[in-house]
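From first to last, the protein sequence lines stand for chains A and B.
Each residue of the first sequence is one higher than the one before, counting from 75 in our numbering.
Each residue of the second sequence is one higher than the one before, counting from 428 in our numbering.
Note sheet for the following structure.
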Amino acid sequence: MQADPAAAIEETKHMSSSTTAGRADDSDSELDARIENVVERTILRNIPGLSLHVSESDLDVGPTPKELVYSNETARLYHYEPLLDEIYRVPILLVMSPVAKGYILDLAEGQSLVEYLLLQGHDVYMLEWAAPRREQSELGLDDYVIDLVGGCIEAVVDDCGENEVTLVGYCMGGMLSAMYTALNPEGPVKNLVCFTTPVNGDGMELYKKWMSSPAFDIERLVKELGNIPGDFVNSSIQALRPLQRSANQMRLLNHAQDDAFVKAHLRFDRWAVDQLPVPGRLAIALARDFIVENKIVNNKLELRGELADFSKITVPFLHVAALHDHIVPAAASKDFIDLVGSEDKQEIVMKGGHVSLVAGGNAVFRLWPQLDSWLGARAL
Amino acid sequence: MSNDESMDPMRLWREWFVKSEKSWSDALTEMMGDERFSDGMGRYVHEALHSHRMFGESMGQYLANLNIPSRGDILDMSDRLAQIEDTLGSIQVELRSQRALLTTLAAGTKSESKPKRPARTRKPQADAS
């Protein structure tokens, strides 16, 4: 209770002004804290990026020791050093897509399908593709399947001394592996595994529309360019999900303080844009024979006069597809299992996308153990 | 700091973008699948190639006068480097087979230096399907 109203007003004024001053102090310190916070976060966000740009060795990919065994045109066959003293009898030949680099299967220690298979006792070879030179633009689908995949299989047989091989193809590498197996049903392929492999050209909807357009002339494009550049291939893949890369960059910013996340992201990102050029004649075959005329599903694909009939594939067959694959959607791969003539055949559809299927967290804990289990029982 | 981050408008915007990206991408892809877009893109690719060639030809002469390598020169060099890499690869393969041959020959004379290769006798564990 105030005895003197004027004094009370004065006191109120004083209180009010001291409160205002207090608020101003609070506001200043709050502003300081916010600025400090922003600066701290900016530095934290930049450090991983800077350190990664300064030190490229942090992003080294393909860490598992390997030796070049065979080389012919664009084919490079590597053998990975076994990690155990006792291995399965039948070696594995990983066949990469002609547009993608093989290090996605050997991304980093602990994030490598190759390393995992070696640790489970498999003998692992990989067929990777080198960028075609200009004079190699005449390499076609028949050369890739019969001479290059075939040559590598022979080299594996010679090198390991076994007369049987398990083929594991990724994306279009699966397509090449299946074509080789269809053309050579008598061997030496013992088992066939295909990851996210397209077989139905009608299922590649966007590419089908583009390539069926009368305004698009693949032969003219090849005549002009020779080989289809990697950037062109990359842009075509990006078009299937145009904003994904931007979303990934946003995700990277949100996890900029997490060094492990940043490194993993940059490794994936580097691979995603690291596409190989495609030899002109191979590009024509893929565009015309596979996508526009859909010759695999229609059973009309001939390589050097011989029909690549998938129903002639009778070896044990495993197809692994990704539920959220936008590059090879279900419509492009779901017919594979029915086309193959094997009695022992299985399809696994897993959560994930085209890349995370073979190299993401889900792959490490779910797919790889299933793959090892399937292969182990058939590698004796 | 985590509370501050959850209220960061830029972060919220980024999270919204990440969540809604697929819908936007699907809409754009659908648009690109339109017949008119496909025709337009086909024409654009060929026109771009044509103008690229015309420009490249005229620039090639200009760059040669300035003693600067053109894109064609760089591609020639890249091809030559690739040829050298191919040759090195062949030498590497040959060296590997010669080394294996020598090891086998040495193993024939000295039993203790037999080439060590893992035994191919592994069996799957009991729980494997």
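The beta-carbon is built from N, C-alpha and C at its ideal position, and this holds for glycine as well.
Quantities reported herein were computed from a predicted structural model and do not represent experimental measurements.
- For B/Thr456, there is no enclosing beta strand (DSSP E); the enclosing alpha helix (DSSP H) has its first and last residue at Pro436 to Met459.
- A straight-line Cα-Cα distance of about 10 Å links A/Met253 and A/Glu376.
- Counting only runs that start and end inside the segment 492–536 of chain B, the alpha helix (DSSP H) elements of at least 4 residues fall at 498–536.
- Rounded to whole angstroms, the gap between the alpha carbons of A/Thr270 and B/Glu457 is 22 Å.
- DSSP places A/Leu431 inside the alpha helix (DSSP H), whose first and last residues are Ser430 to Ala433.
- In this chain, the alpha helix (DSSP H) harbouring A/Ser310 covers Gly304 to Gln312.
- Counting C-beta atoms within 10 angstroms of its own C-beta, A/Tyr177 has 16 or more neighbours from the protein chains shown and is therefore classed as buried.
- Less than 8 Å divides the Cβ of A/Arg355 from the Cβ of A/Gly214.
- By the Cβ criterion, the segment 135–144 of chain A is in contact with the segment 179–192 of chain A, since at least three pairs of Cβ atoms, one from each stretch, lie closer than 8 Å.
- Shown here, A/Asp343 sits in a helix according to DSSP, grouped into three states.
- Within chain B, the residues placing a beta-carbon under 7 Å from that of A/Met324 are Arg441, Phe444 and Val445, ordered along the chain.
- When CB distances to chain A are screened at a threshold of 8 Å, the residues of the segment 510–528 of chain B falling below it are Gln510, Glu512, Asp513, Gly516, Ser517, Gln519, Val520 and Arg523, in chain order.
- By the neighbour-count criterion, in which a residue is buried when 16 or more other Cβ atoms sit within 10 angstroms of its Cβ, B/Gln510 is exposed.
- Following the DSSP letters along the chain, one finds B/Gln552 in no beta strand (DSSP E), marked with neither H nor E.
- Under the three-state reduction of DSSP, A/Gly136 is assigned to coil, being neither helix nor strand.
- The alpha-carbon of A/Ser171 is positioned some 44 Å away from that of B/Met434.
- By the neighbour-count definition (other C-beta atoms within 10 Å, threshold 16), A/Glu202 is a buried residue.
- DSSP places A/Lys369 in the coil class of the three-state scheme, outside both helix and strand.
- When the Cα atoms are used, A/Pro272 and A/Ala359 turn out to be separated by approximately 14 Å.
- The segment 369–385 of chain A makes contact with the segment 403–413 of chain A: 3 or more CB pairs, one atom from each, lie closer than 8 Å.
- In the three-state DSSP reduction, A/Tyr154 falls in the strand class (E or B).
- Nearest neighbour of A/Val173 by Cα position, chosen from A/Val389, A/Ile302, A/Lys337 and A/Ala451, turns out to be A/Ile302.
- Beta-carbon to beta-carbon, A/Tyr162 and A/Asp197 are separated by about 7 Å, close enough to satisfy the 8 Å threshold.
- Assignment of beta-bridge partners to A/Glu202 by DSSP yields A/Arg150.
- Considered as a whole, the segment 354–416 of chain A harbours 391–396 as its complete beta strand (DSSP E) runs of no fewer than 3 residues, in chain order.
- Non-local C-beta neighbours of A/Val219 in its own chain, meaning closer than 8 Å and more than five positions away in sequence, comprise Leu250, Met253, Tyr254, Leu257, Leu377 and Ala382, ordered along the chain.
- Taking the Cα of A/Ala149 as reference, the smallest distance to any Cα among A/Ile109, A/Glu110, A/Gln210 and A/Leu157 is reached at A/Gln210.
- In terms of beta-carbon proximity, A/Gln318 lines the interface with chain B, with at least one pair separated by less than 8 Å.
- Contact residues of the segment 153–174 of chain A toward chain B are Pro156, Leu158, Asp159, Glu160, Ile161, Tyr162 and Arg163 (C-beta to C-beta distance below 7 Å).
- For A/Tyr244, the uninterrupted beta strand (DSSP E) segment begins and ends at Val239 to Tyr244.
- Burial state of B/Glu448 is buried, judged by a 10 Å Cβ sphere holding 16 or more other Cβ atoms.
- Sequence-distant Cβ neighbours of A/Met285 in its own chain, meaning closer than 6 Å and more than five residues away, are Ala361, Ile365 and Val366.
- Straight-line measurement puts the Cα of B/Asn494 at about 33 Å from the Cα of A/Asn308.
- Of the candidates B/Met468, B/Arg547, B/Val520 and B/Leu515, B/Met468 places its Cα closest to the Cα of A/Leu295.
- Using a Cβ-Cβ cut-off of 8 Å, B/Glu474 is close to nothing in chain A; its nearest Cβ partner there is about 10 Å away.
- Our two residues, A/Leu445 and A/Ala182, have alpha carbons roughly 19 Å apart in a direct line.
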